[in-house]
Ligand code: SAH
Ligand code: SF4
Ligand code: F3S
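Structure, rendered in structure tokens:
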């Protein structure tokens, strides 16, 4: 229910820039939901912002460094506002806030507020404290439960697809990764809370839900038997036509979840299952808790129950100690699996993680050369996967207008973007599209009928 006094609040402008993963995208949406009742309206012009939030990512060095250049830019806008007798609050949220805390203010004193991923529900209170000039503030809680309880029930989602965070944090401690330090211990929301959010989204016209978690298939919340049970429960919600989940860890890929891919119609035949590397020596050094063989076995099981399942993955090249032969093992694993899409990165040593202190760090030139080779192979696989769609008729959920007039964009079951001509009021409906052309990152086709 909208509060009657809401309209009387002076409108303030909120600028949010999001870095990093989909969980940060979800968190940024939730911060907006929290601030809307306080009179904040989104702007994409930071120069006019009363509150500027950077929702940050700490996963690789480059991601974290981007934050400081962005802060320098915001500082200049803040100075301009101050000179005009106005004010601007700068907040740093997300994983850099959690990892670096006060260090951020040492490097950029214009920052007023630092809040970690489990503390952003306290934004309204913290902003009020900044305005009362009680000094610089840092909030780096680790209580995911308190946060979810404090978030507003209503989400201001407009599109036909939405993310829902169901699990947070990670207990796996891969030796290269900062997530267990920035997001804290694993926490699963209850199935009731998740279903409530999903029902409300479906009532607003959302047709496709992506369940999010740093380790989403380790979901162990109350009210359903593992992620497979949760998926089965959510598939029964009226209006929900498609379900996806990401990111999964191979060691948490249960038989029941694999079976759900065969049984649950709403569960899309696409799985992001990062392997990181193809050599068991490297996987052990990464503390990945799966081997090349156990990973390949999961893929085989998935394909036996759902032969058309499309796979995607994450890869790291140049992990400390990676030899040419280890790298070759990653290439051969990629050839064996054949991915529909993938993300790949040069290993980036992160402060405080065990791998950063390992001997035999790989030099930059070798990392670059390996990344090039790896991406060449992955790009060719993606092109082949997209090319194979030409001539087929695929069910597409119509999402939003495309760049050309009369054009709409949607996604195939395999998460490929598809362009086609259709009326704008078809958003939210399912159509059958004959695929006529494949590009590097999208498909183009013609609507044959309403599915
Ligand atoms: N929970 C997910 C990954 C989250 S981080 C999983 O376990 O698969 C997203 C990706 O960033 C990882 O899969 C990994 O490929 C990459 N990544 C994480 N830390 C990295 C580092 N220090 N250097 C390079 N890439 C990294
Ligand atoms: Fe990071 Fe490993 Fe956890 Fe993924 S499973 S978030 S890579 S520690
Ligand atoms: Fe980055 Fe934090 Fe996500 S480090 S990848 S924003 S969990």
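In my numbering, the protein residues as written are 183 to 633. Heads up, the beta-carbon is just placed ideally off N, CA and C, and yes, glycines get one too. This one's a predicted model, so the numbers in the text were calculated from it and none came from an experiment.
Check: Can the beta-carbon of residue 290 be found closer than 8 Å to that of residue 250?
Finding: yes
Check: Can you find a heavy atom of the ligand F3S that lies under 7 Å from the Cβ of residue 365?
Finding: yes
Check: With respect to the alpha helix (DSSP H) encompassing residue 262, which residues constitute its N-terminal and C-terminal limits?
Finding: 243-265
Check: Since residue 371 contacts residue 403 with CB under 8 Å, what's their CB separation in whole angstroms?
Finding: 5 Å
Next item on the list: Spell out a yes or no on whether the region 458-471 and the region 562-571 are touching, meaning 3 or more CB-CB pairs, one atom from each, closer than 8 Å.
Entry: no
Item checked: Nearest residue (CA-CA) to residue 526, options 620, 605, 335, 561 -> 561
Next item on the list: Determine the direct distance from the alpha carbon of residue 363 to that of residue 537, and round the result to whole angstroms.
Entry: 14 Å
Notebook entry, point to check: Which residues in the same chain have their Cβ closer than 8 Å to the Cβ of residue 548, if we skip the five residues on either side of it in sequence?
Noted result: 500
Notebook entry, point to check: Any heavy atom of the ligand F3S within a distance shorter than 7 Å of the CB on residue 361?
Noted result: yes
Next item on the list: Can you grab the Cα-Cα spacing for the pair residue 233 / residue 343, in whole Å?
Entry: 27 Å
Notebook entry, point to check: By a C-beta neighbour count over all protein chains shown, 10 Å radius and 16 as the cutoff for buried, is residue 349 buried or exposed?
Noted result: buried
Check: How long is the line joining the alpha carbons of residue 424 and residue 331, rounded to whole angstroms?
Finding: 26 Å
Next item on the list: Determine the contact status of residue 126 and residue 207, defining contact as a CB-CB distance below 8 Å.
Entry: Here the chain has residues from 183 to 633 only, and residue 126 is not among them.
Note to self: On the DSSP letters alone, give me the boundaries of the beta strand (DSSP E) that residue 494 sits inside.
What the structure shows: 492-499
Next item on the list: Just confirm the distance between the C-beta atoms of residue 578 and residue 592, as a whole number of angstroms; I'd bet it's less than 8 Å.
Entry: 4 Å
Item checked: residue 516 to residue 428 span [Cα, whole Å] -> 20 Å
Margin query: Taking the straight line between their C-alpha atoms, what separation do you get for residue 450 and residue 376?
Written below: 19 Å
Note to self: Taking the beta carbon of residue 554 as the centre, do at least 16 other beta carbons fall within 10 Å, making it buried, or is it exposed?
What the structure shows: exposed
Note to self: Looking at the strands, I want to know which residues DSSP matches up with residue 336.
What the structure shows: Answer by DSSP bridge pairing: none, since residue 336 is not bridged.
Note to self: Tell me whether residue 270, by its Cβ, gets closer than 7 Å to a heavy atom of the ligand HEM.
What the structure shows: Absent from the structure shown: the ligand HEM. Ligands present: the ligand SAH, the ligand SF4 and the ligand F3S.
Margin query: I'd like to know whether the C-beta atoms of residue 448 and residue 422 end up nearer to each other than 8 Å.
Written below: yes
Notebook entry, point to check: Taking just the CA atoms, how far does residue 335 sit from residue 584?
Noted result: 31 Å
Notebook entry, point to check: Can residue 203 be considered in contact with the ligand SF4, in the sense that its beta carbon sits closer than 7 Å to one or more heavy atoms?
Noted result: no
Note to self: Between which two residues does the beta strand (DSSP E) holding residue 522 run?
What the structure shows: No beta strand (DSSP E) holds residue 522; DSSP gives it neither H nor E.
Item checked: Member of 274, 627, 518, 620 whose CA lies at the smallest distance from the CA of residue 256 -> 274
Next item on the list: Would you kindly work out how many angstroms separate the C-alpha atoms of residue 254 and residue 284, rounded to a whole number?
Entry: 17 Å
Margin query: Following a CB-centred definition, is residue 397 positioned closer than 7 Å to any heavy atom of the ligand SF4?
Written below: yes
Item checked: residue 277 beta carbon near the ligand SF4 (any heavy atom closer than 7 Å) -> no
Notebook entry, point to check: Starting from residue 589 and walking both ways along the beta strand (DSSP E), at which residues does that stretch end?
Noted result: 589-593
Check: Just to check, is the beta-carbon of residue 431 closer than 7 Å to a non-hydrogen atom of the ligand F3S?
Finding: no
Check: Using the C-alpha atoms, what's the distance from residue 361 back to residue 498?
Finding: 16 Å
Note to self: Measuring only the C-alpha atoms, how far is residue 211 from residue 378?
What the structure shows: 17 Å
Note to self: Give me the DSSP bridge partner(s) of residue 619.
What the structure shows: 626
Check: Helix, strand or coil: how does DSSP classify residue 435 here?
Finding: coil
Next item on the list: Kindly give me the distance between the Cβ atoms of residue 465 and residue 473, rounded to whole angstroms, as I take these residues to be in contact under 8 Å.
Entry: 6 Å
Notebook entry, point to check: Does DSSP put residue 473 in a helix, a strand or coil?
Noted result: coil
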